[in-house]
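**Student:** Its first residue numbered 27, the sequence shown is counted upward by one per residue in this note's numbering.
C-beta atoms are modelled at their ideal positions from N, C-alpha and C, and glycine is treated no differently.
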Amino acid sequence: MQKQPWLNFLRIGKNILKLARLIYSLFLGIPLVLLLMMTQANGNPHEPMCWKLYNLQESKLIQTREGPNNNWNFTVHLFSLIPFEQGGCFGETCPKISAAITQCKAFYMCPASNPGKSYCNYPDHFFCGYWGCETITSDWDTIADKYLSVTWGPPGCQPPQHGYDGSIYGPCGPPQGCWRIEIKVKQPEDDIWLIGHTWGIRYWEPGADRGSLFKIIKEKLPHDPLPIGPNLVLNPPTSSEEKVAPVIVVTPSPDFLSETTNDTEFTTT
Numbered sequence: 027m028q029k030q031p032w033l034n035f036l037r038i039g040k041n042i043l044k045l046a047r048l049i050y051s052l053f054l055g056i057p058l059v060l061l062l063m064m065t066q067a068n069g070n071p072h073e074p075m076c077w078k079l080y081n082l083q084e085s086k087l088i089q090t091r092e093g094p095n096n097n098w099n100f101t102v103h104l105f106s107l108i109p110f111e112q113g114g115c116f117g118e119t120c121p122k123i124s125a126a127i128t129q130c131k132a133f134y135m136c137p138a139s140n141p142g143k144s145y146c147n148y149p150d151h152f153f154c155g156y157w158g159c160e161t162i163t164s165d166w167d168t169i170a171d172k173y174l175s176v177t178w179g180p181p182g183c184q185p186p187q188h189g190y191d192g193s194i195y196g197p198c199g200p201p202q203g204c205w206r207i208e209i210k211v212k213q214p215e216d217d218i219w220l221i222g223h224t225w226g227i228r229y230w231e232p233g234a235d236r237g238s239l240f241k242i243i244k245e246k247l248p249h250d251p252l253p254i255g256p257n258l259v260l261n262p263p264t265s266s267e268e269k270v271a272p273v274i275v276v277t278p279s280p281d282f283l284s285e286t287t288n289d290t291e292f293t294t295t
């Protein structure tokens, strides 16, 4: 009858202990991995971005903003968004007068994407084919736009007054009147801005309301490559200076004619 070998419980115990340590270390690393994944998904709020505002009607870039924090807002004139026509004046100052008057016009904006309102999705009407499509207006209350807010500027100025048909009344432009609009981006960290958002904008004026299209988009700025080298904390650099042997100074005797010290010759008389 052969003896049954004893099971090596000691070795099995060591293997189980190693396995337990491995599982423990893996579980410790899971939160870090999840945190990195969430950071990549949501984006770094301090990552530098380039924000651009386009006039699609005239195919031109109006304004650019760069930087990591609060650099996604725009300050523009209304006539930068909607082409204006000169009229009612003569002379060299006519363009400036027409632009100044245009700047004070009442306006309203409609998003290109307007969920639940498919009747608004007509670019030929600047996405404002029907009342109720607008989400931003200068003179009346409406449902707030999800991604944009627009106010008169500069802050503290007196907004222009308009009649029932959009006619301009009261002050227009400096020094007390407003002469620009402030466009503020909402949810700037949302990656949907990498695709961009488009709005239609129309003047509220007598006759047919003129309009245009504009788009806001953000772009990631390229990072400067960092040099890769040794860790200066773990591996501090060694001094490359050569060690200099101490200088030996010899006091010459009266009959000693010369002495050389530290590669420099001194002669006595």
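Could you tell me the distance, in whole angstroms, from the CA atom of TYR145 to the CA atom of PHE153?
**Tutor:** Here the question's residue 145 lines up with position 119 in the sequence shown. Here the question's residue 153 lines up with position 127 in the sequence shown. Their Cα atoms are separated by approximately 9 Å.
**Student:** Would you grab the beta carbon distance between PHE105 and ILE209 for me? Rounded to a whole angstrom, and I think it's under 8 Å.
**Tutor:** Taking the first residue of the sequence shown as position 1, residue 105 is located at position 79. Taking the first residue of the sequence shown as position 1, residue 209 is located at position 183. 14 Å between Cβ atoms; not a contact.
**Student:** Which residues mark the beginning and the end of the alpha helix (DSSP H) in which SER164 is found?
**Tutor:** Locating residue 164 in the sequence shown gives position 138, counting from the first residue. Run containing SER164: none; DSSP gives neither H nor E here.
**Student:** Could you name the residues of the same chain whose beta carbon sits closer than 6 Å to that of ILE243, not counting the 5 residues immediately before and after it, in chain order?
**Tutor:** What you label residue 243 is simply residue 217 of the sequence shown in a count that begins at 1. LYS78, GLY222.
**Student:** Excluding five sequence neighbours on each side, which residues of the same chain lie with their C-beta closer than 8 Å to the C-beta of GLY189?
**Tutor:** By one-based count along the sequence shown, residue 189 stands at place 163. Excluding positions up to five away in sequence, the list reads TYR195.
**Student:** Less than 8 Å between the C-beta atoms of LEU107 and THR224, yes or no?
**Tutor:** Looking up residue 107 in the sequence shown gives position 81. Looking up residue 224 in the sequence shown gives position 198. Not a contact, by the Cβ cut-off of 8 Å.
**Student:** Quick one: what does DSSP say MET63 is sitting in, helix, strand or coil?
**Tutor:** Along the sequence shown, read from residue 1 onward, the residue named residue 63 stands at position 37. Because MET63 sits at a pLDDT of 46, beneath the cut-off of 50, its placement in the model cannot be relied upon, and the point is left open.
**Student:** If I follow the unbroken alpha helix (DSSP H) through LEU107, where does it start and stop?
**Tutor:** Here residue 107 corresponds to residue number 81 of the sequence shown, with the count starting at 1. Annotation: the continuous alpha helix (DSSP H) that includes LEU107 extends over 104-107.
**Student:** By a C-beta neighbour count over all protein chains shown, 10 Å radius and 16 as the cutoff for buried, is TRP219 buried or exposed?
**Tutor:** Residue 219 sits at position 193 when you count from the first residue of the sequence shown. TRP219 should be labelled buried.
**Student:** Compute the Euclidean distance between the alpha carbons of TRP98 and ALA234, then round it to the nearest angstrom.
**Tutor:** As a working mapping, residue 98 is identified with position 72 in the sequence shown. As a working mapping, residue 234 is identified with position 208 in the sequence shown. Approximately 33 Å between the Cα atoms of the pair.
**Student:** Out of curiosity, what's the CA-to-CA distance linking GLU245 and LYS172?
**Tutor:** Along the sequence shown, read from residue 1 onward, the residue named residue 245 stands at position 219. Along the sequence shown, read from residue 1 onward, the residue named residue 172 stands at position 146. A direct Cα-to-Cα measurement between GLU245 and LYS172 gives close to 20 Å.
**Student:** If I'm right that TRP178 touches GLN129 with Cβ under 8 Å, what's the distance once you round it to whole angstroms?
**Tutor:** By 1-based counting over the sequence shown, the position of residue 178 is 152. By 1-based counting over the sequence shown, the position of residue 129 is 103. That pair is no contact at about 10 Å.
**Student:** For VAL211 and GLN202, I'd like the C-alpha separation in whole angstroms.
**Tutor:** Counting from one through the sequence shown, the residue named residue 211 turns up at place 185. Counting from one through the sequence shown, the residue named residue 202 turns up at place 176. Each residue's alpha carbon lies about 26 Å from the other.
**Student:** Use the C-beta contact count for ALA357: other C-beta atoms within 10 angstroms, 16 or more gives buried, fewer gives exposed.
**Tutor:** Nothing can be reported for residue 357: it is not among the residues displayed for the chain, which extend from 27 to 295.
**Student:** Which residues does DSSP list as the beta-bridge partners of CYS136?
**Tutor:** As a working note, residue 136 is residue 110 in the sequence shown. Bridge partners of CYS136: GLY226.
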